[in-house]
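K.L.:
First residue of the sequence shown: 365, per the numbering used here; consecutive thereafter.
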Amino acid sequence: MSATPILEVEDLSVHYQVKRGVVHAAEGVSYRLEKGQSLGVVGESGSGKSTVATALLGLLPPNASVTAAKLEVNGQSLLGADEKRFNQVRWKEAAMVFQKSMGCLSPVHRIREQFTDVVAVHQPNLPRDQAVARAAELLASVHLPATVLNAYPHELSGGMTQRVMIALSLVHNPELLILDEATTALDVITQGQILEEVTRLKGEFGLTTMVITHDMSVVAATCDRVAVMYAGHVMEVGPVRETIKAPRHPYTALLTKAFPKLHGERSRILGIPGSLPDLVDPPAGCVFAPRCPRAVQECHHERPAVFRVGDGHYAACRLLAGEGGEPVARVC
Ligand SMILES: Nc1ncnc2c1ncn2[C@@H]1O[C@H](COP(=O)(O)OP(=O)(O)OP(=O)(O)O)[C@@H](O)[C@H]1O
Ligand SMILES: [Mg+2]
Numbered sequence: 365m366s367a368t369p370i371l372e373v374e375d376l377s378v379h380y381q382v383k384r385g386v387v388h389a390a391e392g393v394s395y396r397l398e399k400g401q402s403l404g405v406v407g408e409s410g411s412g413k414s415t416v417a418t419a420l421l422g423l424l425p426p427n428a429s430v431t432a433a434k435l436e437v438n439g440q441s442l443l444g445a446d447e448k449r450f451n452q453v454r455w456k457e458a459a460m461v462f463q464k465s466m467g468c469l470s471p472v473h474r475i476r477e478q479f480t481d482v483v484a485v486h487q488p489n490l491p492r493d494q495a496v497a498r499a500a501e502l503l504a505s506v507h508l509p510a511t512v513l514n515a516y517p518h519e520l521s522g523g524m525t526q527r528v529m530i531a532l533s534l535v536h537n538p539e540l541l542i543l544d545e546a547t548t549a550l551d552v553i554t555q556g557q558i559l560e561e562v563t564r565l566k567g568e569f570g571l572t573t574m575v576i577t578h579d580m581s582v583v584a585a586t587c588d589r590v591a592v593m594y595a596g597h598v599m600e601v602g603p604v605r606e607t608i609k610a611p612r613h614p615y616t617a618l619l620t621k622a623f624p625k626l627h628g629e630r631s632r633i634l635g636i637p638g639s640l641p642d643l644v645d646p647p648a649g650c651v652f653a654p655r656c657p658r659a660v661q662e663c664h665h666e667r668p669a670v671f672r673v674g675d676g677h678y679a680a681c682r683l684l685a686g687e688g689g690e691p692v693a694r695v696c
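Here you go:
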C-alpha cells in the first residue's frame with residue numbers, strides 16, 4: 365500500500381438530532397484515499413454519501429454530531445477541529461463541488477465577485493486584477509470564456525454552472541477535490557463532457573478526486589476505487605473493475621444490476637425491492653438484511669464482520685466467511 369494517503373477515515377459516525385430521535389446517517393465508515401487516486405462513493409439516495417463528505421470539510425449543520433477514530437486530510441488530523449482549523453483545510457487542501465451547486469452561488473452577484481470572494485478566503489491581499497486574472501484562467505481550464513465573469517448565476521445553463529463551480533473549487537489549488545453529484549442534473553452529453561474535463565483536470569492539477577454519485581456508470585468511467593454505501597454503512601470497497609465485475613456484497617451485486625450496461629450483452633435492469641430502513645431506528649443486524657435475498661437468520665440480529673476478499677477489496681457480509689473471506693478489523 366502506498367505511503368501517501370491524502371484521506372484517512374476510520375470508524376466515522378455522524379448522527380443528526382431530530383424531533384423523532386437520532387438519525388444514524390453514517391456508522392463506522394472507514395476508507396482511505398491515496399494521492400492521485402479517484403474514489404467513487406456510490407449508493408442510493410439517503411445512504412449517507414453527502415453526510416460523510418460534508419463531515420470531512422467540517423460543514424455539517426449544528427444538529428449533527430461526529431465521532432471517529434481517525435479523520436485525516438493530507439496527514440493532518442481534523443478530529444475535534446474548530447472552525448479556524450477547518451478553514452485552513454477547506455479550499456486549500458480539500459475542496460468540494462456541492463450537490464446543490466446552484467444554491468451555492470449568490471444570485472445577486474456576478475461570477476467575478478464570487479471568484480474574488482473565494483480568492484480572498486486565503487489571499488485577502490491579492491490585488492483584485494490578479495484575482496480576476498486567476499478566475500479567467502480557471503474558467504478557461506473548464507472551457508468557459510472570460511465573459512462568463514460578467515454573468516449572474518441565473519444567466520448560466522446547468523452545465524455552465526457546474527463548470528463554474530469546478531473552476532471555483534480549484535482557486536486555491538486543493539489536492540483533494542470532492543464532487544458531490546456534480547453532473548446528476550445534466551443531460552448525458554454535458555455530463556460526459558464534464559466528467560472528461562474532471563479526468564483531464566485531475567492530471568493537469570495533480571488532483572485526487574472523490575466522486576459521489578448514485579450512478580455506477582459514472583464511477584466506472586471516472587474512478588479507480590469504489591466505496592458502496594447503504595443506510596450509513598460502507599458495504600464494500602475495492603478496485604472499480606473488480607468490484608463491478610465480481611461484487612462480493614449482495615447489495616453491490618444488486619446495485620450493479622440496477623444500471624444499464626453501455627457495452628456487452630443486453631441485460632434486464634433490475635430494481636432492488638423494498639426501501640432504505642428508518643435511520644432513526646435502524647435494523648439491529650446487517651442494515652441490508654431486510655432487503656437482502658441471501659439473508660440468513662443471524663443477519664437480522666448481528667452486525668456483520670468485515671472481510672478482506674482481494675487486494676484492497678473488502679466487504680461487510682457474514683456470508684463471506686464461507687466464501688474464503690478473511691475477517692479484518694475494518695474496511696481500509
Ligand atoms: N440536516 C439533517 N438533519 C437530519 N437528518 C439529515 C440531515 N441531513 C441529512 N439527513 C439524513 O441523513 C441521511 C443521509 O443523508 P445524505 O444526504 O448524507 O444522503 P445521500 O447519500 O447524500 O443522499 P442523496 O443521494 O439523496 O444525496 C438521510 O436519512 C437524511 O434524511
Ligand atoms: Mg447527497
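Just so it is clear, CB atoms sit at the ideal spot from N, CA and C, and this is done for glycine as well.
Because the structure is a prediction, the values reported are computed rather than measured.
1. Could you check the C-alpha separation between T620 and N514 for me, to the nearest Å?
2. Is it the case that the Cβ atoms of L502 and L534 are separated by a distance below 8 Å?
3. In angstroms with no decimal places, state the Cα-to-Cα distance between I370 and R474.
4. I'd like to confirm something about D456: is its beta-carbon nearer than 7 Å to some heavy atom of ligand 2, or not?
5. Using the C-alpha atoms, what's the distance from Q661 back to G523?
6. M460 to Y594, Cα distance in whole Å?
7. Bridge partners for L397 per DSSP, in chain order?
8. Among residues of its own chain, excluding the 5 on either side of A500, which ones have a beta-carbon nearer than 8 Å to its beta-carbon?
9. How many Å lie between R706 and F652 at the Cα?
10. In whole angstroms, give me the CA-to-CA distance for L684 and A531.
11. Could you have a look at G422 and say whether DSSP puts it in helix, strand or coil?
12. Buried or exposed for D544, going by 16 or more other Cβ atoms inside 10 Å?
13. State the start and end residues of the unbroken alpha helix (DSSP H) segment that holds S505.
14. Beta carbon of G638, beta carbon of P654: below 8 Å?
15. Here's the rule: buried if 16 or more other CB atoms are within 10 angstroms of the residue's CB, otherwise exposed. What is R682?
16. Measure the C-alpha to C-alpha separation of E391 and E690 and round it to an integer number of angstroms.
17. Whole angstroms is fine: what's the gap from L421's alpha carbon to E436's?
18. Note down the Cα distance separating E560 from H507, rounded to an integer number of angstroms.
19. Going by DSSP, name the residue or residues bridged to Y678.
20. Exposed or buried, what is Q440 when buried is set at 16 or more other beta-carbons lying within 10 Å of its beta-carbon?
21. Under the criterion of a Cβ to heavy atom distance below 7 Å, does Q463 qualify as lining ligand 2?
22. Is the beta carbon of D375 closer than 8 Å to that of S402?
23. Measuring only the C-alpha atoms, how far is S581 from T368?
24. Quick one: Cα of A585 to Cα of D551, how far?
25. In the DSSP assignment, what are the bridge partners of T577?
26. Work out the CA separation of F462 and T572 for me, nearest whole Å.
27. Please state the DSSP three-state secondary structure of Y594.
28. If V604 and V583 are in contact, beta carbons under 8 Å, what's the gap, nearest whole angstrom?
29. Who are the near neighbours of G385 in its chain, counting only those whose CB is closer than 7 Å to its CB and skipping five residues on each side?
30. Can you check DSSP and say which residues form a bridge with R454?
31. Where does A417 fall in DSSP's three states?
P.N.:
Taking the coordinates as given:
1. 43 Å
2. yes
3. 34 Å
4. One detail in the question is off: residue 456 reads as Lys in this sequence, not Asp. It does not: the Cβ of K456 is nowhere closer than 7 Å to a heavy atom of ligand 2.
5. 48 Å
6. 22 Å
7. L371
8. A510 and L513
9. For residue 706 there is no data in the structure shown, the boundaries of the chain being 365 and 696.
10. 43 Å
11. coil
12. buried
13. R492 to S505
14. yes
15. buried
16. 22 Å
17. 11 Å
18. 12 Å
19. V601 and R672
20. exposed
21. yes
22. no
23. 28 Å
24. 16 Å
25. V406
26. 17 Å
27. strand
28. 6 Å
29. V644
30. A458
31. helix
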